[in-house]
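Novice: Can you keep this structure in mind? I'll have questions shortly.
There are 2 protein chains.
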Amino acid sequence: MDYKNTLLQHIEPIAPLSEAERMAVLAAFQPKKLKKKEMLLFKGDISQHMRFIAKGCLRSYYLDDNGQEHILQFGIEGWWVNDLYSYLTQTPAEYFLQAVEPAIVLQVQRSQLEALFKRVPPMERFFRIKMQNAYVAQQERTIKGMRMTAEQRYIEFREKYREIEQRVPQYMVASYLGVTPEHLSTIRKKINS
Amino acid sequence: MDYKNTLLQHIEPIAPLSEAERMAVLAAFQPKKLKKKEMLLFKGDISQHMRFIAKGCLRSYYLDDNGQEHILQFGIEGWWVNDLYSYLTQTPAEYFLQAVEPAIVLQVQRSQLEALFKRVPPMERFFRIKMQNAYVAQQERTIKGMRMTAEQRYIEFREKYREIEQRVPQYMVASYLGVTPEHLSTIRKKINS
DNA sequence: CGCATTTCTTAAGATACCTTAATTTTTTTG
DNA sequence: CAAAAAAATTAAGGTATCTTAAGAAATGCG
Numbered sequence: 690m691d692y693k694n695t696l697l698q699h700i701e702p703i704a705p706l707s708e709a710e711r712m713a714v715l716a717a718f719q720p721k722k723l724k725k726k727e728m729l730l731f732k733g734d735i736s737q738h739m740r741f742i743a744k745g746c747l748r749s750y751y752l753d754d755n756g757q758e759h760i761l762q763f764g765i766e767g768w769w770v771n772d773l774y775s776y777l778t779q780t781p782a783e784y785f786l787q788a789v790e791p792a793i794v795l796q797v798q799r800s801q802l803e804a805l806f807k808r809v810p811p812m813e814r815f816f817r818i819k820m821q822n823a824y825v826a827q828q829e830r831t832i833k834g835m836r837m838t839a840e841q842r843y844i845e846f847r848e849k850y851r852e853i854e855q856r857v858p859q860y861m862v863a864s865y866l867g868v869t870p871e872h873l874s875t876i877r878k879k880i881n882s
Numbered sequence: 690m691d692y693k694n695t696l697l698q699h700i701e702p703i704a705p706l707s708e709a710e711r712m713a714v715l716a717a718f719q720p721k722k723l724k725k726k727e728m729l730l731f732k733g734d735i736s737q738h739m740r741f742i743a744k745g746c747l748r749s750y751y752l753d754d755n756g757q758e759h760i761l762q763f764g765i766e767g768w769w770v771n772d773l774y775s776y777l778t779q780t781p782a783e784y785f786l787q788a789v790e791p792a793i794v795l796q797v798q799r800s801q802l803e804a805l806f807k808r809v810p811p812m813e814r815f816f817r818i819k820m821q822n823a824y825v826a827q828q829e830r831t832i833k834g835m836r837m838t839a840e841q842r843y844i845e846f847r848e849k850y851r852e853i854e855q856r857v858p859q860y861m862v863a864s865y866l867g868v869t870p871e872h873l874s875t876i877r878k879k880i881n882s
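This is the structure in structure tokens:
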């Protein structure tokens, strides 16, 4: 039950809830336990849930034409993970979702979340704000990905996501940053000297 | 009045309107004429309108620490342009909006659009869908910006935005793609041979 | 604990892209 | 239309990043 607190702790600073609303929110979400490397969504699946990470670490990634993995996002406690387009439009997912660490995810079905929006208006506000932030963060990442050197991007990643860096293998950080693991290694060598 | 048709033609395929709703929508928007190079929004301004391009071509861009311009987006007839984060959160804009060609923009004030959402529900649906598409397009651009070579990005840009390519100077395309004008020039030379 | 697997490092040669600077071409404007 | 301004091209030398390959270090598991 502890992990349900985690959910409320992330919603309430943005959208305060009454006691009844809190109950309604918690009732809508179902916990799911994941082992390390377990998949939460495959490419081609239709994403049926919004997903909140109560514990652990996940990643979303896609496979390019050469079968190479490219990481779009990491998520840890308090983050939401999804193939949002698949969820919103109910079309087959482009991305995979996988646990990088053992994890507990709280899931809410699409129809139930829609119902929740009607019964608990603050939740709609909460998601609209999350969506805005995601859009802006994405825009920033686009720009920075194109203009900054790999070294600059890595330094920024470290500052912004220090905890994530310590929890995922280095080659995944490289994938997220859009460089080869070899190059990231030489960057680190250069920085730490 | 012709340009108001342009607006309806872009809304109705996504969100059909009754005659009364059409009237309400049109009444909320105000046309604004722009000369070439005229600014529509400055960095630091708070964006007070949603903006639809009825005619012409605009761009959004930002200035980096060295005073260099970096283009985020172009827009032509039927597109929406804004610093969305500034508009949504009513904080100072990070980006500039400028006409690349003489343009006519249809603007609706934030408070009026909110009122319109209540009176004309299909409009809310229309904007939610637009927002989703924007987020996904942005996500795709992030990935492609990091993994693809400048040549691949240019070829894709050409296919996807052939009309825009013919309407904006080449150095702006380079800026959008994240390369120097010189390099884009050599890419073009290579391709056309 | 020790073997197998995964992850990280190192280095050399190749490629993509940048910087600078000069020149040519195109567009704008009086 | 001519002059001025803006945009595009070309080329040379430099830097960032990739590819490949091999070995070292760390981690997972029986």
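Order-wise, the sequence lines are chains E and C. The first sequence runs 690 to 882 under our numbering. The second sequence runs 690 to 882 under our numbering. Yeah, the Cβ is synthetic: ideal placement off N, Cα and C, and Gly gets one too.
1) Beta carbons nearer than 8 Å to chain E: which residues of the segment 805-839 of chain C have them?
2) According to the Cβ coordinates, are C:R847 and C:L866 closer than 8 Å?
3) At a Cβ cut of 9 Å, what residues of the segment 710-729 of chain C count as close to chain E, listed as they run along the chain?
4) At the level of alpha carbons, what is the spacing between C:T869 and E:K744?
5) What is the DSSP secondary structure of C:K726, counted as helix, strand or coil?
6) In chain order, what residues of the segment 746-759 of chain C put their CB closer than 8 Å to some CB of chain E?
7) Against chain C, with Cβ distances strictly below 8 Å, would E:G867 count as a contact?
8) Looking only at DSSP bridge pairs, what is E:F785 linked to?
9) Does the beta carbon of E:Y774 come closer than 8 Å to any beta carbon on chain C?
10) What residues from the segment 775-789 of chain E come within 8 Å of chain C, judged by C-beta to C-beta, listed N to C?
11) Going by C-alpha to C-alpha distance, which of C:L761, C:P810 and C:K849 sits closest to E:R836?
12) Quick check: what's the CA-CA separation for C:L730 versus C:R711?
13) Looking at the C-beta of E:L761, does it have a partner C-beta in chain C at a distance below 8 Å?
14) Could you check what DSSP says for C:P720 in three-state terms: helix, strand or coil?
15) Would you identify the three-state DSSP class for E:G756, choosing helix, strand or coil?
16) For my contact list, E:L706 and E:P811 are in at a C-beta cut-off of 8 Å; report their separation, rounded to the angstrom.
17) Go through its chain and collect everything with a Cβ distance to C:I703's Cβ below 7 Å, but skip five positions before and after it.
18) Distance, Cα to Cα, C:E701 vs E:E840?
19) Are there 16 or more other CB atoms within 10 angstroms of the CB of C:S736, so buried, or fewer, so exposed?
20) Output the distance between the C-alpha atoms of C:E822 and C:Q828, rounded to the nearest integer angstrom.
21) Identify whether E:Q737 lies in helix, strand or coil by the three-state DSSP scheme.
22) Are C:T831 and E:T831 close, meaning C-beta to C-beta below 8 Å?
23) Going by CA-CA distance only, name the one from C:C746, C:A713 and C:N694 that's closest to C:R856.
24) On the premise that E:L805 lies in contact with E:Q719, defined as a C-beta separation below 8 Å, what is that separation, rounded to the nearest angstrom?
25) Look up E:G764 in the DSSP assignment and say whether it is helix, strand or coil.
26) Can you look up E:L706 in the DSSP assignment and give me helix, strand or coil?
27) Does the Cβ-Cβ distance between C:P791 and C:K833 come in under 8 Å?
28) Are there 16 or more other CB atoms within 10 angstroms of the CB of C:R740, so buried, or fewer, so exposed?
29) Near E:K722, what residues of its chain come up, given a Cβ to Cβ distance below 7 Å and the 5 sequence neighbours on each side ignored?
Specialist: According to the structure shown:
1) Of all residues in the segment 805-839 of chain C, only M820, Q821, A823, Y824, V825, Q827, Q828, R830, T831, I832, G834, M835 and R836 place a beta-carbon less than 8 Å from a beta-carbon of chain E.
2) Cβ atoms of C:R847 and C:L866: not closer than 8 Å.
3) Residues: none.
4) Between C:T869 and E:K744, the C-alpha separation is close to 44 Å.
5) Under the three-state reduction of DSSP output, C:K726 falls in the coil class, being neither helix nor strand.
6) Residues of the segment 746-759 of chain C whose Cβ lies closer than 8 Å to any Cβ of chain E, in chain order: Y751, D753 and H759.
7) Closer than 8 Å to the CB of E:G867 there is at least one CB belonging to chain C.
8) Paired residues: E:Y750.
9) For E:Y774, the answer is yes, since a Cβ of chain C falls inside 8 Å of its Cβ.
10) Taking 8 Å as the Cβ-Cβ cut-off against chain C, the residues of the segment 775-789 of chain E that qualify are L777 and T778.
11) Ranking the options by Cα distance to E:R836, first place goes to C:L761.
12) Between C:L730 and C:R711, the C-alpha separation is close to 28 Å.
13) The beta carbon of E:L761 falls within 8 Å of a beta carbon belonging to chain C, placing the residue at that interface.
14) Residue state, collapsed to three classes: strand.
15) Taken through DSSP and simplified to helix, strand or coil, E:G756 comes out as coil.
16) Confirmed, about 6 Å.
17) Cβ neighbours of C:I703 beyond the five flanking positions: F815 and I818.
18) Cα to Cα, the separation comes out at about 47 Å.
19) C:S736 is classed as buried because its beta carbon has at least 16 other beta carbons within 10 Å across all chains shown.
20) In the sequence under discussion, the amino acid at residue 822 of chain C is Asn, which differs from the Glu named in the question. Going from the Cα of C:N822 to the Cα of C:Q828 covers about 10 Å.
21) Of the three classes helix, strand and coil, the one that applies to E:Q737 here is coil, per DSSP.
22) In contact: C:T831 and E:T831 (Cβ atoms closer than 8 Å).
23) If we check each option's Cα against that of C:R856, C:C746 comes out closest.
24) Not a contact, Cβ separation roughly 13 Å.
25) Strand at E:G764.
26) The answer is coil: DSSP assigns E:L706 none of H, G, I, E or B.
27) Here C:P791 is not near C:K833, since their CB atoms are 8 Å or more apart.
28) Residue environment for C:R740: buried (at least 16 other C-beta atoms within 10 angstroms of its C-beta).
29) For E:K722, where only same-chain residues beyond five positions count, the Cβ hits under 7 Å are I793.
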